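Following: one structure in structure tokens, then a few remarks.
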Amino acid sequence: MIRYLTAGESHGPQLTGISEGVPAGLPITEDEIALHLARRQKGYGRGGRMAFEKDRATFLSGVRFGKTTGAPIAMSIPNRAHEKDDSNWPKVLNKEGDGSDVEAITVPRPGHADLTGVQKYRYDDIRPAIERSSARETAMRVACCSIARQFLKHFGIEIGGHVTRIGSVGYENSWEDVRKRVDPMLDDGAETVFEEADQSPVRCLDEGLTQQMRDLIIKRRKEGSSLGGHWEVIVTGLPAGLGSFVHWDRKLDGKIAQAIMGTQAMKGVEIGQGFESGRRHGQEVHDEIIYKDDDFKRRTNRMGGIEGGISTGMPLIVRGVMKPIPTMLTPIDTVDFKSKEKKDTRYERSDVCALPRAIVVVESVIATVLANAFLEKFGGDSIEEIEERYKK
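Just so we're aligned, residue 10 is where the sequence shown starts under the working numbering, counting upward by one.
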């Protein structure tokens, strides 16, 4: 099974990642990883860091002559902010010394891991929580998960996502309107969704909504505030039978939800109609079963491709919500955790709206969950062995 670990701080010298359990013989190049790293850096509403961070992951082990060896794959992504000539980060994040010459940050931001990090790890300075909980970590997460994504693509499984709402601007009827726009694209694979969505600065498939979303981001930027929104990710090519109902921790939808909720700023996830299904009666929710072309199929896909924790063979539809990021130019109230005095929040450079790039992170974390479900059913130590089992 595939497992990945990331290490590093937002402004440290580099991000490091290890992806283990990847079968031998998978064709993979750094350029294929770079594609999704570059996508992660795009999107209207980005902050100033985008101007100098050009992420590229370098393989350090586990790949030989363009194919995986079966050994752990180690990667690194340098942090350009740390390397700049005028950077103060080597001093702030020094491995040695006692930190007495570095100003301590003691004013936590509501909604961030600042105060909870101090309470849990007993820091006397918020900086370690700021650095590790930062969304900067997701660059290496995208790199690690892009290997799993390449594994899925090798077996015809594609992933694509798009933004359905930013703040108050979105599809009027989120389920029906989005289905009319997206479902006709899926015959060509889910990657057509992200390829078209990437043409929009906010990764929205609707041109009219794209402009309205941009206008709203401009408005909130001027106010010194931030924005979140809703997203959708579709997966095509999944075979039926991935996951299980026999134990709670083997349900495919449960594993997907955990991966998403383990991603920075995500506050909710649904499969298919999700929360909307709670507002409708049974005939409007469940997918009727038919038998056609020597196979069982569904007339509709309101369940989003999963029933009883198991994939149905229909496209997987995962939807979710990202909160507005807690770092804002206009301050809100907080308390200095040392003096206990009321303070205004401290500003750290950040995006106004991170959702257009966060959609790439969500696509990525789903990939590893699906790759493991696939390996659980058709697994082997090499791509050749898995191909033999899958064809049978």
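Note that beta-carbon positions come from the ideal geometry of N, C-alpha and C, so glycine has one too.
These numbers were taken from a predicted model, which means no experiment stands behind them.
1) Taking the beta strand (DSSP E) that G26 falls in, what are its first and last residues?
2) Per DSSP, G329 forms a beta bridge with which residues?
3) Measure the alpha-carbon distance for R126 versus Y132 and round it to whole angstroms.
4) Answer yes if the segment 271 to 284 comes into contact with the segment 313 to 331, meaning at least three C-beta pairs across the two stretches below 8 Å, and no otherwise.
5) Beta-carbon separation of L225 and S183 under 9 Å?
6) Does the CB of L161 have a neighbour CB from chain B at under 9 Å?
7) Please report the residue range of the alpha helix (DSSP H) in which K400 lies.
8) What does the Cβ neighbour count give for V187, buried or exposed, with the cut at 16 atoms within 10 Å?
9) Can you tell me which of the three DSSP states A376 falls into?
10) Quick one: grab the DSSP three-state call for L272.
11) If you follow the alpha helix (DSSP H) that M222 is part of, which residue opens it and which one closes it?
12) H256: buried (16+ other C-beta within 10 angstroms of its C-beta) or exposed?
13) Would you say M149 and N381 are within 9 Å of each other, going by their C-beta atoms?
14) Hey, V202 and I175 are a contact pair by Cβ (cut 8 Å); roughly how many whole angstroms apart?
15) Roughly how many angstroms separate the alpha carbons of P119 and K352, rounded to a whole number?
16) Name the two residues that bound the continuous alpha helix (DSSP H) containing P137.
17) Classify G233 as buried or exposed, calling it buried when 16 or more other Cβ atoms lie within 10 Å of its own Cβ.
18) Can you tell me whether DSSP reads L14 as helix, strand or coil?
19) At which residues does the beta strand (DSSP E) containing F254 begin and terminate?
20) What's the C-alpha gap between R48 and V369?
21) In the DSSP assignment, find the unbroken alpha helix (DSSP H) run with S183 in it and report its ends.
22) For A206, count neighbouring Cβ atoms within 10 angstroms of its own Cβ and tell me buried if that reaches 16, exposed if not.
23) Pairing CB atoms from the segment 304 to 320 with CB atoms from the segment 213 to 230, are three or more of them under 8 Å?
24) Can you list, in chain order, the residues of its chain whose CB lies under 7 Å from that of G317, leaving out five sequence neighbours each side?
25) Who are the Cβ neighbours of I27 in its own chain at under 6 Å, not counting the five residues just before and after it?
26) Identify every residue that forms a DSSP beta bridge with S85.
27) In terms of residue numbering, what span does the alpha helix (DSSP H) encompassing I42 cover?
28) Beta-carbon within less than 7 Å of Q159's beta-carbon, same chain only, minus the 5 sequence neighbours each way: which residues are those?
29) State the Cα-Cα distance for the pair T147 and S155, rounded to the nearest angstrom.
30) D360 and I334 - do their beta-carbons sit closer together than 9 Å?
31) Please list the terminal residues of the continuous beta strand (DSSP E) segment that includes K351.
32) Which two residues bound the contiguous beta strand (DSSP E) that contains H163?
33) Looking at the structure shown, is E316 part of a helix, part of a strand, or coil, going by DSSP?
34) Sort E397, G389 and K401 by Cα distance to P32 and report the nearest one.
35) Label E167 either buried or exposed according to how many other C-beta atoms from any shown protein chain fall within 10 Å of its C-beta, with 16 as the threshold for buried.
In short:
1) Q23 to E29
2) W240 and V278
3) The question names Arg, yet the displayed sequence has Gly at residue 126. When rounded, the distance between both Cα atoms is 7 Å.
4) yes
5) no
6) Considering every chain present, this structure includes no chain B. It has just one protein chain.
7) I392 to K400
8) buried
9) helix
10) Contrary to the premise, residue 272 reads as Thr rather than Leu in this sequence. Coil at T272, not helix or strand.
11) E216 to E232
12) exposed
13) no
14) Actually they do not touch by this definition, with Cβ atoms about 17 Å apart.
15) 12 Å
16) R136 to S142
17) exposed
18) strand
19) Taken as a continuous stretch (DSSP letters only), F254 belongs to no beta strand (DSSP E), as it is neither H nor E.
20) 7 Å
21) S183 to V191
22) buried
23) no
24) F254
25) L14, P81 and A83
26) T25 and T67
27) E39 to R49
28) L35, I37 and E41
29) 12 Å
30) yes
31) K351 to D353
32) First-last for H163: T147 to H163, but that is the alpha helix (DSSP H), not the beta strand (DSSP E).
33) strand
34) G389
35) buried
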